[in-house]
Structures are given as C-alpha cells and as structure tokens.
Amino acid sequence: MALDNLIDSVYLYVPRRIAFHGAIFPFVILYLSWSYFCFYTADLVDFYFPGILAIAIAQALCSLCCYWSVSFRCLLSCRQVFSAQSAVLVKVIPTPNNGFTELVLLNSFKDQDLQTIIWFRYQEIKYIWNDNKKCFHSLDFPISCSVEHYVNCKGFNSDDQLARAVQLYGRNQLNIQLPKFNDLFIERATAPFFVFQVFCIALWCFDKYWYYSLFTLAMLILFECTLVKQQLRNMEEIRNMGNQPINLFVYRNKKWHPILSDELTPGDIVSITRANNDQNVPCDLLLLRGSCIVDESLLTGESIPQMKEPIENITDLQRNLDFETDKKLHILFSGTKVVQHTSPVKVTSNVRASPDNGCIAYVLRTGFNTSQGNLLQTILFGVKHVTANNMETLAFILFLLIFAVAAASYLWIKGTEDPNRSRYKLFLECTLILTSVIPPELPVELSLAVNSSILSLSKLGIYCTEPFRIPFAGKVEICCFDKTGTLTKDALIVEGIAGIKKDMMPMNEAPENTIQVLASCHSLVQLEDTVVGDPIEKASLNAINWVLSKNDFIAPKKSKIPPLKILNRFYFSSSLKRMSVLAAYKCPKITNKIIHIASVKGAPEVIKSMLQTIPENYDSTYLELAGRGARVLALARKEMTIIDTNNLKNLKREELECDLHFAGFVVVSCPLKQDSEAVIKELIASSHLVTMITGDNALTACYVANELNFTRSSSHIILTLSEIDSIWYWISDSYKIQVPLHGNITELVESYDLCLTGEGLAYLNQNHINILKKIIPHVCVFARVAPKEKEFIVVMLKELGYSTLMCGDGTNDVGALKHAHVGIAILARGKEKSRVKKDMFANKSKKPGENVSNQMKRLMKEIDEESLTVVKSGDASIAAPFTSRYSSVTCVCHVIKQGRCTLVTTLQMFKILALNALIAAYSQSVLYVKGIKFSDSQATLQGLLLAASFLFISRSKPLKVLSKQRPLPNIFNIYTISTVLLQFIIHFCSLVYLVQKAGDYIEDDIINTISSDNSLSNVNVTNINSTDSDEEFKPNVVNSAVFIISMTLQICTFSVNYRGRPFMENLVENKPLLYSTFGTIMVIFCLSMGTVEELNEHFEIVQFTDEFRVILVAVLVLDGFGSYVMDRSCLWLFGEGKFKKIPV
1 MALDNLIDSV YLYVPRRIAF HGAIFPFVIL YLSWSYFCFY TADLVDFYFP GILAIAIAQA
61 LCSLCCYWSV SFRCLLSCRQ VFSAQSAVLV KVIPTPNNGF TELVLLNSFK DQDLQTIIWF
121 RYQEIKYIWN DNKKCFHSLD FPISCSVEHY VNCKGFNSDD QLARAVQLYG RNQLNIQLPK
181 FNDLFIERAT APFFVFQVFC IALWCFDKYW YYSLFTLAML ILFECTLVKQ QLRNMEEIRN
241 MGNQPINLFV YRNKKWHPIL SDELTPGDIV SITRANNDQN VPCDLLLLRG SCIVDESLLT
301 GESIPQMKEP IENITDLQRN LDFETDKKLH ILFSGTKVVQ HTSPVKVTSN VRASPDNGCI
361 AYVLRTGFNT SQGNLLQTIL FGVKHVTANN METLAFILFL LIFAVAAASY LWIKGTEDPN
421 RSRYKLFLEC TLILTSVIPP ELPVELSLAV NSSILSLSKL GIYCTEPFRI PFAGKVEICC
481 FDKTGTLTKD ALIVEGIAGI KKDMMPMNEA PENTIQVLAS CHSLVQLEDT VVGDPIEKAS
541 LNAINWVLSK NDFIAPKKSK IPPLKILNRF YFSSSLKRMS VLAAYKCPKI TNKIIHIASV
601 KGAPEVIKSM LQTIPENYDS TYLELAGRGA RVLALARKEM TIIDTNNLKN LKREELECDL
661 HFAGFVVVSC PLKQDSEAVI KELIASSHLV TMITGDNALT ACYVANELNF TRSSSHIILT
721 LSEIDSIWYW ISDSYKIQVP LHGNITELVE SYDLCLTGEG LAYLNQNHIN ILKKIIPHVC
781 VFARVAPKEK EFIVVMLKEL GYSTLMCGDG TNDVGALKHA HVGIAILARG KEKSRVKKDM
841 FANKSKKPGE NVSNQMKRLM KEIDEESLTV VKSGDASIAA PFTSRYSSVT CVCHVIKQGR
901 CTLVTTLQMF KILALNALIA AYSQSVLYVK GIKFSDSQAT LQGLLLAASF LFISRSKPLK
961 VLSKQRPLPN IFNIYTISTV LLQFIIHFCS LVYLVQKAGD YIEDDIINTI SSDNSLSNVN
1021 VTNINSTDSD EEFKPNVVNS AVFIISMTLQ ICTFSVNYRG RPFMENLVEN KPLLYSTFGT
1081 IMVIFCLSMG TVEELNEHFE IVQFTDEFRV ILVAVLVLDG FGSYVMDRSC LWLFGEGKFK
1141 KIPV
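Heads up, the sequence shown is in the UniProt record's numbering, so the first residue is 1 and it goes up one at a time.
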C-alpha cells in the first residue's frame, strides 16, 4: 500500500560486512578456485590469465549492477529486516513518474518524552516511523489543530521548545545543492547505455577501427558533457526559484526578534507586511490577525489577487482547521506575494503588536513541504532523464536481436568450417554483429527528439516541467476545456438588470435596492490606485458608476443614493455558489439612523430557495438569458433589524441568507477570446473530441458550446440530464424534448449532444455507474461542476482508456490539470496572443561553404547554448505539467503539434535505427564470412553521416495546422513491423545479389589491376578469401561494393521512412536533412563512379568496371524505389493512426 502520493513502498535493511558483500566474497572464492585448478592442472596453465580476466570483468559488471539497480545492491550487500529499531537503511520505491528508487540512511533522535523517533528523508521530505501502525508516514505538520489553538498561540516561550521543534521539523530552507560537473559526468558515464557504448568502442578498437572508435567516443563524451552542463544550468534556475531569505520579525520568548526567514520553523509567530522589491511569502502561513491581499499568480496561475482574512473572525473556535477548505481564505502560500496588508485593529493579550505593524501569522509548513517546495520538488526530482518509452525500447531491441543472432550464427557456422581461421577473431566479429542492433547513438537521438520539442515550446511561451508527457500530447483523443477565462475573456460586459420589469433595463435605470446589492456584495479591494478582484464584480461596479475607497467604503460618483460601508463578508464558495455581505448606510431621512442590509448574490437556482417571495417569471427569465450565453446572477437583499456591531464576528451566514427580497438578475455577457473558435475548429478537424467542463450554468455553457461548435451530433441539440417529479430525463432547454434515462443510449448519443450537470453526475455515479461509463466520453458539456468533480471526470476518462488533455486557468482546475495525461495551465495574467517567430529555426539551415561535419558541430553548439532551462520563476505553476505564459488557447494546438512531432520522430527513428542495424549486421556478416571488413575511414564516414542525419531529423518542426490523420501511438503495430520486415527483405536481396555480382567480377578486377602498374588497387588488392586477421586492411571489390551498398541502403532508409507530412516538415522542407541526404548521395555517387580519384583513395575504394557500375547503380535505384513502394503499400493497407470511434 502506498505511503502517500510520493512513496509507493519502503523496505528495511541492515548492511552486510564488506567481506561478505555479494560482489566480493563469491569472486574471492572464484579467484582462489581458478588459481588452484590452473596450478594443479597443466592443461589450464595457458588459460590462467584469460580466466582471471573473465572473472574480473564479471566482478566489475556485478559491481556496476549494484550501482545501477538499488534492488540488486540490496540483494548483494544488505540483509532485509522487519524492525525499524534494528534497521540501518531503507529502500524507498516511489510512485510512477516521481523519481527513482533510492537506498537512504535511517536516522533517529529522542523527543521530549525520551521516546526514540526513527526517520528518513527522501527527496527532501521527512518520514517518521509509527510504531503502533508499524509503518512510515510523512511528517505531520501543525495544519489541523483547533482554531482556538492558533488564536491563543504565543509562539515558542523557551529555547528548549524551539530546539525540539527545529529537531522535528527542521528550518525553513529550500536547500538545492549543486553537484560538481565531474560528479554528474561520472554518474552519466556509468549509466548502462554509456558503459555498453564504451564496451562496443573497445570491441571496435580490437578490430582496429581506431578513427571510428575515437570519433564515436568523442561524440558520446561531447553529448554527455552538453547534457551535464544543461543539467547544471537547470538546477541553478531551480535553486533561484526558491525563496531567498528575507528579514522579518518573529515572536519568541514573549518578544519580537528580527531574523532571516530561513530560520523559521512550524509553530513560529511572524509578522508579515507588504512585499518590498520582489520578496515573496517565505513559507505557508495561517493568518491570525490582520488582512492581506495576495498575488498568487506565480504559484497557481490565478490572475485575480486573493483577499485573505484572519481566523480570529471564525466563530466556532473548537473546530479543527480544514486545510483544503480554509486555504483559499486564511492561508498565505509560500512563493506568493503580499501586495497589500491591513494591520490588526486591536492587540490581544497573547501577542503584542509587531514593530513593523504587520499582520500576525502562524507558520504551518516550511521548506520542501510548502506549496512552492512541492513545485520545486516536482521539477527537481520528478523525471531526471528525458527518454522515450523504456519498455517499448527494450522490446524493440530484443526483436532486432533475433535477426542479429541469426546473422552471427551464420557467420559462426561458416567461419568454423575453416580450420585455419582464428576463433578469437571469429568470436570478436560475432560479438560486433550482436552489438550492432543497439546503435551507440540510440539514447542520444531519443533524448534529442524530446529536448528539441521542449526548446520549441519554450519559444512559444509554453514551459514544461514533466518532459515525459510531451509524447503523450501526440496521443490525445479528448480535449477538455474550462470555460470562463479559458475560452471566454475576463473582460466582461454588463448588459443590464432583468426580472424586475418585462424587458431588461439598462444599469442607469436600475432601482436603488438593486444598486445597493451590486455596490456592496463583492470581494473587491482597493490596491493603491487600482481596484482588484473578480472581473464580473469590477464590471458591475463600473456599470453602476460607483467607486470603492479604502476601508471598504463604496460611494456613487453622481447618484444621490447614500454611500455604503461593508461590515462583514461571507465570501463566495464554489460549493455554496453564493456570496453574502452585511453592509450599512446612513438613512437620509432620519438623522443618525444607521440601516443595516444583507446583500446576497449567487446562482439563480440557489438564491431561489432563500427568497421570501418568488416572482412568477423567475425561472423562465434566467433560463432564457442563460440559454443565449449570458452569465446570470440572482440578486437579493433585506434590511436587518437588530445588529450588534460589537459582535459582528459572531454573526452567522444563515442569518443573512434567509427571507430575502428579490432584486433582479444581473446579466453579464462573456465574449469569446479571439482565437477560441479557430482552435476548437482545428482540434475537431484533427480527429479530437472536445469537451467543456465548467462551474457555470448549464444553459450558458451549452450556448457557448454551440457557438464554438462543440456539438458532435447532426441535430446540434444539447440535452441536459435533469430531475422532473423525482424522475431523471434528458431534456432540451425548452423542455420540448424529453428522453428517459434508461432509453436506448446508442440512439441517444447519435441523435443528440449531452450536457451533464454536477448534480446529474453525482446521481449517475451513485446509482447508475454503468450508464455513466457509457455516456461520459460522449458528453460535450459538463456544467455546474465543483473542482473535485472536474478531477473525477478526467480520472474516469483515463480509467476508460482515453488519452485526455485538460486546459484551464484557475486554481479550481488544478486537480483535473494534474490528473490529465496532458495538463495545460494558462497564466491568465498573460497576453491573449503570443508573438511567435515566423521561422524559429531559420538560422539552423546549412550556411554557405559549410560542410556536414562543421554544420553538425555548430548545431550541437546551438543545442548547448539554447538548451531550455527547465523553467524560470513565474513561468511554471503548481497547476499543470505545461504552463503557457499567454492566455490564448492556441497553446493547446502548439502542445499537440509538438507532441505529434515528437511521437512521430521517435517512431521514425526506431524504424530507421532498426533497418540500419539489420543492414549493418548482415553487411558485416557478409564481409566477415569472406574474411574482409570495412576500413577505419569507411566506418568513420558512415558513422558521421548517419549521426548528422539523425540530428537533423530530431530538429524537425511541426506543421502549422493539425492534420485529421492521427499518428500511431506506439512502436508495435502492423504497419511498423510489416514495413520494417519487407524493406529489410528488399535490402537483403539487393545486398546478396550485388555481393554475388562483385564476387563474379573479382577475378577480372585482379587481372586488370595487376596489368596496370600505376593502378590505385595495384598494391591494395588481396585475395577475397584472405583470413589473416593481422594483415593491414586491403580493399577489394567486395569490400568496396558492400560499403557503397550499405551506405546507400542506410541513406535510403532515411529518405523512405522519414515521412514528415501530415505531422511535420517533409524532406524537402527540412533543409538540413535534405542537404545532408543529398550530400551523402553525391559522395556515394562519386565513390561508385570513381570521378574523384583522391576521394576513392582516401576512403580506400577500388575502381569498378563499367559493367559492374551500371548493375550497382541500377540495383540501388530499384532497391530505393521498391522500398518506397513497399512502405507506402503497407501504409495504404494497414493505415496510420485513425480517429477511434467511441463505442457506447
């Protein structure tokens, strides 16, 4: 059972003594045993040192396995125990995508009761052993004490109390230690892939491929150094995201002391004032006295500054603090900024006024346990290495290994037929063939594909904190959107007041009672010269031409209506769907008389139950207005008779929200964002389903859905699940269409579009879960849903097997954003449209006079210089893996385009790598059987050109418009397997035929070269059956032919299998790849025709006869054409990804 969202399970261990380590003791026995047998057996003496070497290699491999695998290390070096008191180490296994398994040290200390507290720290989070439950749990911070405890808290009264708290909780530090370059490089250089690559390079050195080995090693080291430098820059940026220590006052030992914020610990009482410069709230704080206005946009993406009230206003002092419920109103989060504070009105006997006259707050959580620390932890520990699907990669390699084993077996069988052939050389050649199925550039290329997408997205103002999610964006099937602030603008238009007269009246004709409700019932605050708060409330206040001043006074600019003073607020709650305010004004007719009024506004269906008298046209009016897309809020008020102004904090919400008099509906239109319609149209046209998930009224949401063409059925009629006379029906907005809940679901979803409210969702979930599972993918609008219900919808879609994307802009979307496969948070404070460079890779094309090698170096340097830092402060939010700095929903299309581009690039790389590996394996087997091989310069040229081509593929750009065709979601599918096998058969037949032809011409070639004294091949031609491994490399027709054939076949795989459109640039548009491909073809052509004699001499290619050249070129052209036809035929027969029709 998982401990929490971070840790899946833990196991306790005690380390073995070093002498009994599994990587030492068994091998000591082997060393002694082998030495004993060799000493007493004369036949084994010659094999003593090879045997010792083999044991040493096995021991080194075993030690490396201990380094690579924590579980293997525990198996060999530790003994599992089940008592925390006797354990020394703990193996921590995290939940998926939350880091890697680690073996950490177990610590302990004595608490104030002299009890031993056993703990460990994983990813900077502290876990404590619970001896009663026999399990670990995360450290319990004081976030759920009673309200009375916080109100009466006096901080730490002694140094002993403080010391115990520091020992338990630690200080408020976000310590991110930057490792040294050498340490990071050693970590990467000891990774399994890198060790395997070095092993392959060593084998090539044994086969005397010196230049090729050095080139490959240099390329690997250069790439790893680039990644290490990038990782160090990323960690530096992450460290800068953490709060820098600030000076503040803390109340300890009954006095205020100035300290740095990194010395705070939970339980401290601090004074918080308005931020100076760029100072943020240093930790998670509970506001005790005084009020604040806080900008939370850096953390949550919420553009509206939030009003924070002290808990001293809470009447029920016995209730415990509910962190999830109370956090919006009473808690200041680490990383946010206080833009305005109001000092406490009165000083209590518990804590005297602070020297800086700030708000009094209680420290709840510190360090990495804060909200900001959680964001840094996700970025820092979530996913260290950017790779493709590791299991698919492993399975594909094993699939290729089958063919490599066949090629190696063929070579071994043929080679052992010659008794004079060196078995050592033969074994080395077989090993080289087996290792050829894992190209050394595989991890490099797979990482480049994802890194290039991260870089491209950053240039579009989109930042990714979880890179592994980028390929998921290419698989998205259902796109979910929040409505308000995401699809619609925040700049709202107040149309007027409805429900009082027959027609809607403009705001300047609204009655006094209505004006008083609009003027008083809001959560707006005056910040310097600006009013901040909810856009609807700002628009309403402007529409009635009233102004808000400090201390919650509201006055008209011209009207004779008396000004209002807000005395108490009960803030809007998404669960209650209403807000209420107690306000007062002086009666203009009676001197010194103060009239108190209760102003309430909220959802019409909620306010209806609070009215003393309900107008006849109440329902029809607001339903009609909501049906045309307007946001409708019901207004109500009443005069309060007896109010004790000295005891306002004891006033209950229920006292205000009863026996109200209806004051009309305020009608607000929400204009769509400029690009919302175009984005939805593009998503639907590209085989995506779109769904709206909003807390707004169902009719309003359905109207917007119709405006944006969310509808999927031919009728464009949206039915909403509603209850009529205790029976649930699917009904239209006019009630003309009623479909029973238990009717034919298939016919229902084909004939109509569906809207599900939060109420209907809860009913189906509790009573008809099977119906809910069938219809939920077909619902195009979810309305009046709470944040938890948004999360539930996304989770259910995932459980049903659909790849989901969620796009939202506020804190109420956080749960859904985190649970979606792809969550995109729009920072609402950003601009609506991003200015994108016309061609962000314009400077990546080949420069005049630049050869392929120099171009590759330049591009590697650009990757190093431009490598995206993970994220900068203010660019990420806790809301989602993707964060857009702009409020435009075009970011959804950008993320999907890059996701498809990355997914397609990765799959194409696998196809190309597979074919190239198979071609290389069989080319080597053909050469090794005949006792010949490639020259060092030939292997180096081949490796350089292939690496350049892969680099240029990884930097492909997506097309500007999403295609209707969907990419294949994974490697293993009929199309990929069939095209790889059939292309390989064509290439294999071409290879066998041309090698056979080359053998036919070998004797004529020998005779011709002997008769020509100054011929290039006069000194280089050797017998085709030469098997002397110690001779210097000497080219012949077979060697030269196989090299040109394999080069051509490999470049053919790039040209045929790189199919950019409809997802990304095609070969002609990808200029670097086009130029490198064309350059390689020209080099191959020159080598084949012998037009540049110096080139042939440098790469040790013999001259072919004219007849063989014709056959060579003809077969290679036919091979390329046949591969192209075969690939496109497989594509036509088996198809690429298609839109999956959702079953009912």
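From the three backbone atoms N, C-alpha and C, an ideal C-beta is built for every residue, glycine too. Computed from a prediction, not measured in an experiment: that's the story for all the values here.
Self-check item: Ordered list of alpha helix (DSSP H) runs contained in the region 56-130, each at least 4 residues
Solution: The region 56-130 contains these whole alpha helix (DSSP H) runs: 70-77.
Exercise. Tell me, to the nearest whole angstrom, how far the beta carbon of L332 is from that of L285; I am working on the premise that it is less than 8 Å.
Key: Confirmed, about 4 Å.
Quiz item: Looking at the structure shown, is T325 part of a helix, part of a strand, or coil, going by DSSP?
Solution: In this structure, T325 counts as helix in the three-state DSSP scheme.
Practice problem: Tell me where the alpha helix (DSSP H) around D183 begins and ends. | Solution: For D183, the uninterrupted alpha helix (DSSP H) run begins and ends at F181 to A189, by DSSP.
Quiz item: For L286, which beta-bridge partners are listed by DSSP?
Solution: Answer by DSSP bridge pairing, in chain order: I331 and Y362.
Exercise. Determine, using beta-carbon pairs with one atom in the region 161-173 and one in the region 259-275, whether at least three such pairs fall under 8 Å.
Key: Per the Cβ contact rule, the region 161-173 is in contact with the region 259-275 (3 or more Cβ pairs under 8 Å).
Practice problem: Could you say which of S523, T1077 and S540 lies nearest to L945 if we only look at CA atoms? | Solution: Comparing Cα positions, the closest option is T1077.
Practice problem: Would you kindly report the start and end of the unbroken alpha helix (DSSP H) that includes S1123? | Solution: Its alpha helix (DSSP H) spans residues D1106 to F1134.
Quiz item: Would you report the Cα separation of L487 and F972, rounded to the nearest angstrom?
Solution: Taking the straight line joining both Cα atoms gives about 37 Å.
Quiz item: Span of the beta strand (DSSP E) holding V270?
Solution: Here the beta strand (DSSP E) through V270 covers I269 to I272.
Practice problem: Using only alpha-carbon positions, find the residue among S453, F368 and Y36 that is nearest to H894. | Solution: Scanning S453, F368 and Y36 for the CA closest to the CA of H894 turns up S453.
Self-check item: Rounded straight-line distance, which links the Cα of K586 to that of N592
Solution: Rounded to whole angstroms, N592 to K586 spans 7 Å at the Cα level.
Quiz prompt | Inter-stretch contact at 8 Å, needing at least 3 Cβ pairs: the region 552-566 / the region 487-507 | solution = Taking a cut-off of 8 Å on C-beta distances, the region 552-566 does not touch the region 487-507, as fewer than three cross pairs fall below it.
Quiz item: Quick one: what's got a C-beta closer than 8 Å to K110's C-beta in the same chain, skipping five residues either side?
Solution: Sequence-distant partners of K110 (beyond 5 residues in either direction) whose C-beta falls short of 8 Å from its own C-beta, in its chain, are T116 and I117.
Quiz prompt | Closest Cα partner of N916 within the set K897, A947, V889 and S887 | solution = The residue with the shortest Cα to Cα distance from N916 is A947.
Quiz item: Per DSSP, what kind of secondary structure is F141 in: helix, strand or coil?
Solution: Coil at F141, not helix or strand.
Self-check item: Counted within 10 angstroms of its Cβ, other Cβ atoms place H1098 as buried (16 or more) or exposed
Solution: The Cβ neighbour count for H1098, taken over all protein chains shown within 10 Å, is under 16; the residue is labelled exposed.
Quiz item: Thinking C-alpha only, which one of P787, G801 and L699 is nearest K818?
Solution: Minimum Cα distance to K818 is reached at P787.
Quiz item: Just the Cα atoms here: how many angstroms apart are L428 and R79?
Solution: If you take the alpha carbons of L428 and R79, they lie about 40 Å apart.
Quiz item: Taking DSSP as the reference, what is the three-state secondary structure of T720?
Solution: Here DSSP, grouped into helix, strand and coil, assigns T720 to strand.
Quiz prompt | For L518, the first and last residue of its enclosing alpha helix (DSSP H) | solution = Where L518 is concerned, the enclosing alpha helix (DSSP H) stretches over E512 to S520.
Quiz item: Are the region 458-471 and the region 896-910 touching by the rule of at least three beta carbon pairs closer than 8 Å?
Solution: Contact between the region 458-471 and the region 896-910 is present, with at least three C-beta pairs closer than 8 Å.
Practice problem: Determine which residues share a DSSP beta bridge with D295 and list them. | Solution: Answer by DSSP bridge pairing, in chain order: K337.
Practice problem: Quick one: using the 10 Å Cβ neighbour count with 16 as the cut-off for buried, is H742 buried or exposed? | Solution: H742 comes out exposed.
Quiz item: In chain order, what residues of the same chain lie with their CB nearer than 8 Å to the CB of C225, ignoring the 5 residues before and after it?
Solution: Closer than 8 Å at the Cβ level, and outside the excluded window around C225, lie F185.
Quiz item: In or out: residue 1166 buried (at least 16 other Cβ within 10 Å) or exposed?
Solution: Given that the chain is displayed from residue 1 to residue 1144, the structure contains no residue 1166 and the question cannot be resolved.
Exercise. Please state if the CB of V338 and the CB of I259 are separated by a distance shorter than 8 Å.
Key: No, Cβ-Cβ distance for I259 and V338 is not below 8 Å.
Self-check item: C-alpha distance - V794 paired with T883, whole-angstrom precision
Solution: Rounded to the nearest angstrom, the two C-alpha atoms are 18 Å apart.
Quiz item: Are there 16 or more other CB atoms within 10 angstroms of the CB of H257, so buried, or fewer, so exposed?
Solution: By the neighbour-count rule (16 or more Cβ atoms within 10 Å), H257 is not buried but exposed.
Self-check item: Per-residue burial, N247 [other beta carbons within 10 Å of its own, 16 or more giving buried]
Solution: N247 comes out exposed.
Quiz item: Can the beta-carbon of G758 be found closer than 8 Å to that of V785?
Solution: A contact, by the Cβ cut-off of 8 Å.
Quiz prompt | Inter-residue Cα distance where the pair is E1100 and I919 | solution = Between the alpha carbons of E1100 and I919 lies a distance of about 21 Å.
Practice problem: Work out the CA separation of C65 and A58 for me, nearest whole Å. | Solution: CA-CA distance, A58 to C65, rounds to 10 Å.
Quiz prompt | Nearest-angstrom Cβ-Cβ length linking M692 and F792, presumed shorter than 8 Å | solution = Not a contact, Cβ separation roughly 16 Å.
Quiz item: Quick one: complete beta strand (DSSP E) runs, 3+ long, within the region 583-661?
Solution: Counting whole runs of 3 or more residues, the region 583-661 contains the beta strand (DSSP E) stretches 594-602 and 631-640.
Quiz item: Is R628 near I597, with beta carbons less than 8 Å apart?
Solution: Between R628 and I597, the CB-CB gap reaches or exceeds 8 Å.
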